[in-house]
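Shown next, in C-alpha cells, is the structure this report addresses.
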Amino acid sequence: MSTIDEVKQRLDIVDVVSGYLSLNKAGRNFKALCPFHDEKTPSFFVFPDKQSWRCFGCGAGGDMFSFVMKKEGLDFSEALKMLAERAGVTLERRKRGVEDKLIARLYQVNEAAAQYYHNLLLNDAVAGSARDYVRKRGLTDGTAADFQLGFSSGEGLKIHLIEKGYSENELLAAGLLGEKDGRKYDLFRKRLMFPIKDIKGRVVGFGARALDDSLPKYLNSPQTAVFDKSSVLYGIDRARGAIRESGLVVIVEGYIDVITAHQHGFNNVVASMGTSLTEKQVRILRGLTKTLAFALDPDIAGDVATLRGVEVARRSLDRETLEVPTMLGTTSRLKSEMKIIPLPRDRDPDDVIRADPQEWQRLVAGALPFIEHIIGVTVSNLDLTKPEGKSLAIEQLLPMIAELGDETQREFYLGKLAGLLGVREKVLLDKAADLRRTHREKAGRTTLKPASALRSGDPLEERCLSLLLQHPDLRDEAQGLLPEHFELSENREVFTTWRDSSSTDELYNMINMDLQGHLEALLNKILPPAEELVREAELADCIRSLEERRLRLEEKFVTSEDASLIRDGEELDSAELAALQQRTVDIDAQLVKKMQERTGQSSSNREEQ
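Have a look at this one:
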C-alpha cells in the first residue's frame, strides 16, 4: 500500500474538513458555506461514501489532499506531510536525485560499452572469427548494425571506459567487470556480444556467445540496478510496433532467432531470455497484445513437464485479464490467448526462416491454442484403452480446462476431451464445476481483506492518464481536459505536471517525489492494444465521460433532495429560482450533447470497421 493510500485509509474526509468548517448533516452527506468564495446559501458538500468534496457554487472539488492544499496554500508534498503526521503515517524520504543519477550513469556506460564492442566487430582484426560467425548465420552488415552486434576481446574495455570518464565502481555496478583476488577485469572475453535493450531502447545488459569451446556457451550480464533478465525481452524495443499492429507476439529462445526473423520482415518476434516466460515479461507483452505464440522445437513441444512451465505464463495471462471500457461506456472482458507453434524436428526458427520464409508464415498461421496442443500431447503419451490411462488424462488435463475463463471454450474442450476418452461429457462438466468451486473458495480465503483495508482508485481517471502518458502523440487531443476533471489529488497532480512538461523524462524529474510510485504505475498500466485512431477515440471518450461525471454531480445538486435540503428554510426570490431552473436546463442540454457525441463516435467507429 502506498503512503497516500495509507493516509486515506486512516483519515476520514469529514473529520479533516470539519477541522476547518462547521459541517451540517444533509441526508447522507454534509454541507457548509464554501470557504473559497462568498455565498449566503451553502453549496459546499462533503461526500463520506466517496471521500470527496465539491462546491457547486464555484466548481472546486476533490479529496482530502486537495482540500488541505487549497485551504492552507500548500503543495501536494506539504499537504501529504501534514495529513501523514495527523494519521501517524511515517513518510519515507528517498534520495531520488542520487539514485536517478546512478541509474542514468548505468544506462550511459552500457551504451558506451555497446558502441565499443560494435566498433571492434566492424574494424578490429581480432574480431575476424566473430565476423565469420555473423556471416555464417546469414546476417547482413545492416542487420548487425541495427542490432548493434559486437565483439569482446577480453582486453581494452575497462581502459577505454575509464578514459571516457567512468569509474571502476560504475563498471562493476553495470556488470561489465569481474573481480577476483582484488583484480578487476573485463567480464566478457572472446565472445559475440548482443546488447539487450529495454522497451525504451536503452541498453540494460548484454548476452554473449562463446566463439570457441568455452563454457558456458551463452553468458548474460549479472543482475544490476537496470538489468533483470526476468523482466526484459530481447528485441522488444524493435518489435513493439509490429506486435501492436499484428496483434500477435511470437516468442522464441535465441538471440539469432530474433535477429533472423527481423531481417526477413517478421518484426513481431522476441526472445524470453530463458526457457519459460515470467510474469513480469507477460505484463510487458500484455500491454501490447492479447495473443502470445511460443515457437517450440518438437522435443520441447512434446514434453509435458516443459509445457507445465509455459502453463505458468498462461495462468499469469489470465490474471492480467483486462476490463476494457467500450465506446458506449460499458465494459467487456479482453481475453488473452496463448498458442504453440511446433517447429520441424531439429530446426530452430532461424533455420526455418532462412530456408523458407513462407514456411515460417505457414507455421505461425497454423499455431494451435495452448490447451488444444497440450491435450494432444497428453493423450498421445497415455494408453487410453485402459481405465488408468483415462484417469491420468483427466487428472492432468481437467484442472487446466476448468480454469479457462471463457465458458464457451471451457465446454468445447471438455466435450473434446470426453470424445477422446470415450466418457460422458456430463461427468467432466460436473468435475470441472467442482474444481472451479473449490478454487473460488480457496481464493476467497486467501485474498479476503477487512473492508476498511480495501481502497480503490478512480479507473476512469487512471485510464485517461495512462493513455496520455503511454502515448505522447495524444497530447494535442487532450485540449479539453482540465485539472477539475480529476477528483483524486494524486491524479490531478500527475495531470497538471504532465501538462507543464514536454517529455516523459522531464515529467519524471518534475513530479513530486511522493507521487513517483503512482506515476510509474500509470506508465506501466496495461492497456488493451489498439490502433492510433482507436486510441484517439478512446481518449475522447474518457474526456467526455469525465465531463459527464462533473455535469451529473452538478445536476444532482440542483435537482435532488440535497438541493431541497440546502433551500430548506430559505426563501428563494424569483430571480434565484429562475437561475436555478435555467442551470438545470443548461446541464441537461450539455448532457444530451455529450451523449450525441458519444453515439456519433460509436457509429463512426462501426462504419470504419
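Position in the sequence shown (first residue = 1) + 49 = our numbering.
Every residue, glycine too, gets a C-beta built ideally from N, C-alpha and C.
The model shown is predicted, which means the values in this text are computed figures rather than measured ones.
How many angstroms separate the CA atom of residue i from the CA atom of residue j?
{"i": "residue 660", "j": "residue 336", "result": "Residue 660 falls outside the range modelled here, since the chain spans only 50 to 658, and no answer is possible."}
{"i": "residue 594", "j": "residue 299", "result": "36 Å"}
{"i": "residue 430", "j": "residue 345", "result": "18 Å"}
{"i": "residue 453", "j": "residue 428", "result": "19 Å"}
{"i": "residue 571", "j": "residue 162", "result": "32 Å"}
{"i": "residue 322", "j": "residue 282", "result": "6 Å"}
{"i": "residue 473", "j": "residue 446", "result": "16 Å"}
{"i": "residue 225", "j": "residue 157", "result": "12 Å"}
{"i": "residue 449", "j": "residue 329", "result": "22 Å"}
{"i": "residue 290", "j": "residue 272", "result": "27 Å"}
{"i": "residue 51", "j": "residue 569", "result": "12 Å"}
{"i": "residue 55", "j": "residue 513", "result": "24 Å"}
{"i": "residue 77", "j": "residue 122", "result": "29 Å"}
{"i": "residue 586", "j": "residue 112", "result": "29 Å"}
{"i": "residue 177", "j": "residue 170", "result": "8 Å"}
{"i": "residue 405", "j": "residue 211", "result": "46 Å"}
{"i": "residue 167", "j": "residue 200", "result": "6 Å"}
{"i": "residue 160", "j": "residue 194", "result": "14 Å"}
{"i": "residue 413", "j": "residue 190", "result": "27 Å"}
{"i": "residue 139", "j": "residue 547", "result": "28 Å"}
{"i": "residue 521", "j": "residue 556", "result": "12 Å"}
{"i": "residue 58", "j": "residue 334", "result": "33 Å"}
{"i": "residue 588", "j": "residue 456", "result": "31 Å"}
{"i": "residue 69", "j": "residue 509", "result": "30 Å"}
{"i": "residue 559", "j": "residue 419", "result": "45 Å"}
{"i": "residue 532", "j": "residue 550", "result": "15 Å"}
Mapping DSSP to helix, strand and coil, what is residue i?
{"i": "residue 389", "result": "strand"}
{"i": "residue 413", "result": "helix"}
{"i": "residue 625", "result": "Interpretation of residue 625 is limited by its pLDDT of 48, a score under 50 that renders its predicted location unreliable; no figure is taken from the coordinates."}
{"i": "residue 462", "result": "helix"}
{"i": "residue 589", "result": "helix"}
{"i": "residue 244", "result": "strand"}
{"i": "residue 479", "result": "helix"}
{"i": "residue 307", "result": "helix"}
{"i": "residue 378", "result": "In this prediction, residue 378 scores a pLDDT of 29, lower than 50, which makes its location untrustworthy; no coordinate-derived value is stated."}
{"i": "residue 433", "result": "coil"}
{"i": "residue 266", "result": "coil"}
{"i": "residue 419", "result": "helix"}
{"i": "residue 321", "result": "coil"}
{"i": "residue 573", "result": "helix"}
{"i": "residue 280", "result": "helix"}
{"i": "residue 126", "result": "helix"}
{"i": "residue 110", "result": "strand"}
{"i": "residue 156", "result": "helix"}
From what residue to what residue does the beta strand (DSSP E) around residue i run?
{"i": "residue 96", "result": "93 to 96"}
{"i": "residue 669", "result": "Coverage of the chain is limited to positions 50 through 658, which leaves residue 669 absent and any answer about it impossible."}
{"i": "residue 69", "result": "Here residue 69 belongs to no beta strand (DSSP E), and DSSP marks it neither H nor E."}
{"i": "residue 300", "result": "298 to 301"}
{"i": "residue 104", "result": "101 to 104"}
{"i": "residue 74", "result": "73 to 75"}
{"i": "residue 233", "result": "232 to 235"}
{"i": "residue 80", "result": "78 to 81"}
{"i": "residue 665", "result": "Only positions 50 to 658 of the chain appear in the structure, and residue 665 is not among them; the question remains open."}
Hey, could you find the ends of the alpha helix (DSSP H) residue i is sitting in?
{"i": "residue 527", "result": "No alpha helix (DSSP H) holds residue 527; DSSP gives it neither H nor E."}
{"i": "residue 340", "result": "Note, residue 340: premise wrong, no alpha helix (DSSP H); beta strand (DSSP E) at 340 to 345."}
{"i": "residue 182", "result": "177 to 185"}
{"i": "residue 220", "result": "217 to 222"}
{"i": "residue 120", "result": "113 to 121"}
{"i": "residue 56", "result": "52 to 59"}
{"i": "residue 238", "result": "Run containing residue 238: none; DSSP gives neither H nor E here."}
{"i": "residue 257", "result": "Here residue 257 belongs to no alpha helix (DSSP H); instead the beta strand (DSSP E) covers 252 to 259."}
{"i": "residue 544", "result": "538 to 549"}
Given a cut-off of 8 Å, decide if residue j and residue i are closer than it, judged by their beta-carbon atoms.
{"i": "residue 442", "j": "residue 459", "result": "no"}
{"i": "residue 71", "j": "residue 83", "result": "no"}
{"i": "residue 416", "j": "residue 320", "result": "no"}
{"i": "residue 576", "j": "residue 528", "result": "no"}
{"i": "residue 284", "j": "residue 311", "result": "yes"}
{"i": "residue 397", "j": "residue 262", "result": "no"}
{"i": "residue 15", "j": "residue 561", "result": "Outside the modelled stretch of the chain, which goes from 50 to 658, sits residue 15, for which no answer is possible."}
{"i": "residue 592", "j": "residue 517", "result": "no"}
{"i": "residue 128", "j": "residue 114", "result": "yes"}
{"i": "residue 151", "j": "residue 274", "result": "yes"}
Comparing the C-beta of residue i with each C-beta of chain C, is any distance below 8 Å?
{"i": "residue 97", "result": "Absent from the structure is chain C; it holds one protein chain and no more."}
So, do the region 178 to 185 and the region 133 to 142 have three or more beta carbon pairs nearer to each other than 8 Å? no
Is the region 272 to 289 in contact with the region 231 to 239, if contact means three or more CB pairs nearer than 8 Å? no
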